[in-house]
DNA sequence: TCCCTAACGCAACGATCGCTGCAGAACTGG
DNA sequence: CCAGTTCTGCAGCGATCGTTGCGTTAGGGA
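Chains as they are written, first to last, in the numbering used here: chain V, 218 to 395; chain W, 218 to 395.
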């Protein structure tokens, strides 16, 4: 989701970006999503509000950016030797990630601002799932796997209060593979 | 989700409530969720902003109220004689409901404001599912049915751009019942 | 090392938000 | 029909939001 390659990836720009992203995540965990405004984020990040407005423009774009960063590169595709093993390990990792209230708050907020926000949360997951399945010969369709694995997992995380534990998530693999 | 029984269910109060709910749904379809503020809603509803603030207090509570109304009483539990038939018919209805962009916008917005909002969207669905399964002898667990039926359905609706058609939703019943 | 561009801080502005008195209108029950 | 209660409209307020122009600072390339 990084827009091309930033002209200046390192230095102050990177620090500001990290500080703002961190501020958004922190504020989402400790207060209501409605209290999340640009000036508040800027104050928490130790940055001038103008900077936030100029770099991200809208709260929606900022949240999409945070979601994309938060849900990228944090989970590595496992390699256990078997398709079932890979899926089980990966599902446990994803479930553990979703069990974090911070992660959940970011996801809820990103969904609330439009279509792009929701997609930013799962784009990397779909890519990982495709990689696992392709290595396994593409036996189950990626679409079907996403429906039966990611579907229940994210549904529970968002709509029901109960957290989805890793064991239960692993059990979903049996539904898919039989 | 209706707080007890409103002291005055009929008359002007009901008209105002309906107008405000309708305004929220309309505004969510035609503009960004960030543009959804109390004064804007009041203006569209032809009501004074003070009224909206006093009756609902927060945009979050208003959205939760709208979601609860929108996702209650719109789908009737079918009775085809067989558990499979009931589930297939019901799933097709739910999928059709979710295919409406208006419905989707309300759901996204409700999710964005916190935990209660998400639960308000599916509380009635869970009750309906429980009713269907209980009549069928409670063969599959309600939890499992919700995971395998509602999970993929809502996941597709929220995260992926593709709408979930009724036929595909019916196919999920086969995964659950075998 | 020096220059040049991009990014940031600062200050001010108009617009909007959310809230709070008070007065009038509408609905319900007798 | 009338009285009591509840709900709504109105006007105004302080606070905050989002934007803009300009000067300054930090990073990267020759």
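C-beta atoms are modelled at their ideal positions from N, C-alpha and C, and glycine is treated no differently.
Here the structure is a predicted model, which means the values were calculated and not measured.
With a threshold of 16 other CB atoms inside 10 Å of the CB of residue 344(V), please say whether the residue is buried or exposed.
The residue labelled residue 344(V) in the question sits at position 127 within the first chain. With fewer than 16 other Cβ atoms within 10 Å, it is exposed.
Are the stretch 250 to 266 of chain W and the stretch 274 to 287 of chain W touching, with three or more C-beta to C-beta distances below 8 Å?
yes
Comparing C-alpha positions only, which one of 383(V), 239(V), 377(V) sits nearest to residue 284(V)?
Taking the first residue of the first chain as position 1, residue 284(V) is located at position 67. Among 383(V), 239(V), 377(V), the Cα nearest to that of residue 284(V) is on 239(V).
According to DSSP, is residue 382(V) part of a helix, a strand, or is it coil?
Within the first chain, the letter at position 165 stands for residue 382(V). Coil, per DSSP.
Under a Cβ-count criterion, where at least 16 other Cβ atoms within 10 Å of its own Cβ denotes burial, should residue 373(V) be classed as buried or exposed?
For the purposes of this step, residue 373(V) is identified with residue 156 of the first chain, where counting begins at 1. Under this definition residue 373(V) is a buried residue.
Closest Cα partner of residue 247(W) within the set 307(V), 266(V), 331(V), 288(V):
As a working mapping, residue 247(W) is identified with position 30 in the second chain. The shortest C-alpha separation from residue 247(W) is found at 331(V).
Pop quiz: residue 236(V) and residue 260(V) are said to be a contact at Cβ under 8 Å. What is the actual Cβ separation, rounded to whole angstroms?
On the first chain, residue 236(V) is found 19 positions in, with the first residue counted as 1. On the first chain, residue 260(V) is found 43 positions in, with the first residue counted as 1. Contact doesn't hold; Cβ gap of about 11 Å is too wide.
Tell me which residues of the stretch 316 to 329 of chain V have at least one Cβ-Cβ distance to chain W shorter than 7 Å, keeping chain order.
325, 326, 328, 329
In the structure shown, what three-state DSSP assignment does residue 238(V) receive?
Working through the first chain from its first residue, we reach residue 238(V) at position 21. Residue 238(V) falls in the helix class under three-state DSSP.
Assigned secondary structure, residue 295(V) (DSSP; H/G/I helix, E/B strand, else coil):
Locating residue 295(V) in the first chain gives position 78, counting from the first residue. Here residue 295(V) sits in coil by DSSP.
Are residue 287(V) and residue 323(V) close, meaning C-beta to C-beta below 7 Å?
Against the first chain, residue 287(V) aligns to sequence position 70. Against the first chain, residue 323(V) aligns to sequence position 106. Against a cut-off of 7 Å, the Cβ pair of residue 323(V) and residue 287(V) comes out as a contact.
Give the straight-line distance between the Cα atoms of residue 300(W) and residue 390(W), rounded to the nearest whole angstrom.
Taking the second chain and counting its residues from 1, the one referred to as residue 300(W) is at position 83. Taking the second chain and counting its residues from 1, the one referred to as residue 390(W) is at position 173. Taking the straight line joining both Cα atoms gives about 10 Å.
Secondary structure at residue 341(V), three-state DSSP: helix, strand or coil?
As a first step, residue 341(V) must be located in the first chain, where it is residue number 124. Of the three classes helix, strand and coil, the one that applies to residue 341(V) here is helix, per DSSP.
Inspect the CB distances between the stretch 293 to 307 of chain V and the stretch 367 to 381 of chain V and report whether three or more fall short of 8 Å.
no
Output, in chain order, the set of chain W residues within a Cβ distance shorter than 7 Å of residue 375(V).
On the first chain, position 158 is the one that residue 375(V) refers to. Result: 328, 335.
Where residue 320(W) falls, given that 16 or more other Cβ within 10 Å makes a residue buried:
The residue given as residue 320(W) occupies position 103 in the second chain. Per the 10 Å Cβ criterion, buried.
Quick check on residue 339(W) - is its C-beta less than 7 Å from some C-beta in chain V?
Here residue 339(W) is taken as the residue at index 122 of the second chain, counted from 1. Chain V, which has a Cβ nearer than 7 Å to the Cβ of residue 339(W), makes this yes.
According to DSSP, is residue 377(W) part of a helix, a strand, or is it coil?
Taking the first residue of the second chain as 1, we reach residue 377(W) at position 160. Of the three classes helix, strand and coil, the one that applies to residue 377(W) here is coil, per DSSP.
Neighbour list for residue 241(W) in chain V, Cβ cutoff strictly below 8 Å:
Numbered from 1 along the second chain, position 24 holds the residue referred to as residue 241(W). Ordered by position in chain V, no residue passes the 8 Å Cβ test against residue 241(W), which lies about 14 Å from the chain.
Find the residues of chain V that neighbour residue 249(W), judging by a C-beta separation of less than 9 Å, and give them in chain order.
Locating residue 249(W) in the second chain gives position 32, where the first residue counts as 1. Going along chain V in sequence order, the residues near residue 249(W) (Cβ under 9 Å) are 275, 277, 330, 331.
First and last residue of the uninterrupted alpha helix (DSSP H) at residue 260(V):
Along the first chain, read from residue 1 onward, the residue named residue 260(V) stands at position 43. Element bounds for residue 260(V): 255 to 262.
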